[in-house]
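Chains as they are written, first to last, in the working numbering: chain V, 1 to 514; chain A, 515 to 703.
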Amino acid sequence: MSIFSFAGRFDPARLFAFKGGVHPETRKFLSAECAIEVMPIPSLIRVPLQQHIGVEAEPLVQRDDLVLKGQLIGKARGPVSANIHAPTSGRVIAVGHFAAPHPSGLPVPTITIRPDGKDQWGPRLTRMRPEDATPEEIAAQVADAGIVGMGGATFPAAVKLNLRAKHDLHTLIINAAECEPYLTCDDRLMREHAEEVADGAGIMARALGVERIIVAIEANKPQAIAAMERHKSALGYDLTIKTVPTQYPMGSEKHLVKTLTGKETPARALTAEMGIVVHNAATAHAVHLAVRYGEPLISRVVTVSGRGVGRPANLRVLIGTPVSEVLAHCGGLVEEPERLLLGGPMMGQPIQNPRVPIIKGTGGILALTAAETRDQDIMPCIRCGLCVQVCPMGLTPFELNARIKAGDLEGAAKVGLLDCINCGCCSFTCPSNIPLVQTIHFAKGKLAEQDSRKHQQEQAKRLAAARTAREEAILAAKRAAMAKRKADMAAKKKREAEAAALVAEASQTGEVVK
Amino acid sequence: MLYAVTSMTALGLGLGLMLGLAARKFHVETPPVVDEIERILPGTNCGQCGYPGCRAGAEAVAEGAAPVTLCPPGGREVALQLAQITGADASGGAGLGGLEEAEPMVAFIFEDHCTGCTKCFKRCPTDAIVGANNQIHTVITDACIGCDACIEVCPTEAIIHRTKPRTLRNWYWENPDQVSGAGDMRKSA
């Protein structure tokens, strides 16, 4: 059906679609027709202080504090960080460490709140009329609201809105491609809240000072396209709704830009250098709420799907809700899942512990059964070259893999290891089931570790030099003090001797007088 | 008398000048390789190599008396750089094999045993220990180079070595097993 609708609406965007990519079964039908429902307040909320790229937030509350909905509980630290707000009212029962929603399950600083069920709002941020606000005011409001990129990258949105100062921007692209299979949260958001998304896009465009807004939606979401077509103007901007081919990884920033404009982003450069800024549709919606209503980012839409879930759904969930409670709300697990993922099946992260919380960048919870996953024996590479064909970054994954296996990380870096975007197309397509992207993940981590060790050695040298300098200074000061005391003593002795001589003299004369 | 004084003075001045010129012309610095090696070494003088300080260690490496792998806190990176200078085998062979998989170590203080004596705090070559008199001390892991200095001076044996704890920042996926042909794909979706 999507093919026919696409043939009917020929779009030049198709001419420029990027090289490579794959077409996995989307399986979006599981949850695409489920309207967004608001999930009730969970029994416990765990808000990690690190939900974004950058430095973790600084906690502002203590144990036993009462917090109100929307209250600032974590303050951004440094330029690349984000504020954290209480998702509902209740009592803080712990400020400590808890397992992160991350494959490692390592502990991160977390604020645990026991909701009181009243869901009582504290003072909200000041409402703004974006039509009258300056770009700086809008960016500051977005920063105050703690908004981060909600497509999964979780880069603080306000930092991106301030790119205007550094680059000459002309286009804002709203990324609503949602190319990951299963996920339908952005699709539903646009179908049900198209006007808000468009308004958020308009507000961001005003903050960025761009001339045009393009909303990019994959061809497999005709209802979302239709909904956005009905709300094509916001804040004086005319939104261009572009249908892009259904192709993974269309939602990658660089590939979306390539598809829409035909321009390729240079390696390790920002799209902003070409005058283009890309924001996610859910981020636009969050910006709308923050600017128009003064609501910080305390909830998000999450797709719960996979054959292992009783009732697939799209839920508006409070940040910090445990995954296990979300799953329980969706009828629990009907089958022991082979994999429990946060995010999509291509790039999502497996988690071991279902008690970890939903965070700002979590777009989906997938309980995939054995039938839905591929877990087969790994066989030797047959040099078919499929991975090279599908790599959207134009890399040679088999070569990277061979070099990494041989321990030649520098060699792998020379053939583009750091340009890999971790999309997983190579592993997906490999007929020998070689864990290509997984090996690349490892190599990138190892390389970063080696770099950090080098850096640490320089640091240690600096520290040692500082210490030596300090010790020498102390020693010199001591010597100087000693010399001074010696001189003082000598002077004192001299004075005393003189005084004694005087006294002796006086007594002598006295005796004489007597 | 006058002749003697003049001639001796002239001789002294002339020879002195010659010596000075010769010293400038044939100036030989300490083998530059020693300086170069010393620059690579951490410079903390922790003494783990068995030589009194980094300078002595550098001299030993330059003479070939010590292997390039002599510096435990420097680890693999330092060993590789030293190998480049001295021309030792840096192919990751036998010489570096032992260092390949060495996890970075840091000191850890058991707070129950710490008496707040400040001995370790004074000894730490990188100022990685925070503490004061009668206050429990702690280690700044990012600054710790894992030398044994603090462990040796602790009177209550409250300090141990342990591997540097992993955080979200430095965690990464382990290398998936490909050789056996039955790697655990679940680990990395």
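Even for Gly, the Cβ is constructed at its ideal location relative to N, Cα and C.
By the Cβ neighbour-count rule, G601 (chain A) is exposed, with fewer than 16 other Cβ atoms within 10 Å of its own. Nearest to T321 (chain V) by C-alpha distance, out of V:A313, V:R355, V:Y293, V:L341, is V:R355. With a cutoff of 8 Å on beta-carbon distance, R191 (chain V) and A227 (chain V) are scored as near each other.
If you keep only unbroken beta strand (DSSP E) runs of at least 3 residues inside the stretch 255-299 of chain V, you get 276-280.
Against A657 (chain A), the close residues of chain V are Q456, Q459, A460, L463, in the order they occur along the chain (beta-carbon pairs closer than 9 Å). D238 (chain V) is bridged by DSSP to V:S233.
In this structure, E591 (chain A) keeps its C-beta atom at 8 Å or more from the C-beta atom of R470 (chain V). Taking a C-beta distance under 8 Å as the contact criterion, G74 (chain V) and P296 (chain V) do not qualify as a contact pair.
Fully enclosed alpha helix (DSSP H) runs of no fewer than 4 residues occupy 633-637, 663-667 of the stretch 632-698 of chain A, in order along the chain. Relative to the Cα of L318 (chain V), the nearest Cα in the group V:V334, V:V301, V:A464, V:A328 belongs to V:V301. Classified as buried, P357 (chain V) has 16 or more neighbouring CB atoms from the shown chains inside 10 Å of its CB. The distance from the Cβ of E180 (chain V) to that of G344 (chain V) is about 3 Å, consistent with a contact at the 8 Å cut-off. Of all alpha-carbon atoms in V:G236, V:L447, V:E178, the one lying nearest the alpha-carbon of R212 (chain V) is that of V:G236. K75 (chain V) sits in a strand when the DSSP states are folded into three classes. Counting along the chain, G364 (chain V) sits inside the beta strand (DSSP E) bounded by residues 364-368. Chain A has no Cβ within less than 8 Å of the Cβ of L409 (chain V).
Within the stretch 581-597 of chain A, contact with chain V at the beta-carbon level (separation under 9 Å) is assigned to P587, G588, G589, R590, E591, V592.
Interface criterion met: the Cβ of R680 (chain A) is under 8 Å from a Cβ in chain V. Between the C-alpha atoms of A483 (chain V) and V644 (chain A) there is a straight-line separation of about 32 Å. Residue environment analysis places E552 (chain A) among the buried positions, since at least 16 neighbouring C-beta atoms fall within 10 angstroms of its C-beta. Straight-line measurement puts the Cα of L260 (chain V) at about 12 Å from the Cα of E218 (chain V). One thing to note: N162 (chain V) has its Cβ within 8 Å of the Cβ of A139 (chain V). According to the DSSP assignment, M619 (chain A) belongs to no alpha helix (DSSP H) but to the beta strand (DSSP E) extending over 619-623.
Cβ-Cβ distances below 7 Å link R127 (chain V) to R292, Y293, G294 in the same chain, with the five nearest sequence neighbours on each side left out; the list follows chain order. For Y686 (chain A), at least one C-beta of chain V is nearer than 8 Å to its own C-beta. Proximity of F442 (chain V) to chain A, defined by a Cβ-Cβ separation below 8 Å, is satisfied. Uninterrupted beta strand (DSSP E) stretches at least 3 residues long and entirely within the stretch 134-192 of chain V occur at 171-176, given in chain order.
At a cut-off of 8 Å between C-beta atoms, E178 (chain V) does not count as an interface residue with respect to chain A.
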